[in-house]
């Protein structure tokens, strides 16, 4: 279970690293092919207009291989 996001913000513990770790933790490789794709569950969901700028400015690779 992920931590309460509101508490992380209130406690000044909400960082891009925390965001990334939660996204990675919640992503699931449902079809077992070792990579995230259309048949899997993504740990991040956003509309194109907002998510695109965030991903570009965060400089993270959000298309990771599940552990």
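In my numbering, the protein residues as written are -19 to 47. Just so it is clear, CB atoms sit at the ideal spot from N, CA and C, and this is done for glycine as well. Because the structure is a prediction, the values reported are computed rather than measured.
- DSSP places residue 3 inside the alpha helix (DSSP H), whose first and last residues are -4 to 6.
- A buried status is given to residue 23, since no fewer than 16 other beta-carbon atoms sit within 10 Å of its beta-carbon.
- A straight line joining the alpha-carbon of residue -1 with that of residue 17 spans about 20 Å.
- Per DSSP, residue 10 lies in no alpha helix (DSSP H) segment and is marked neither H nor E.
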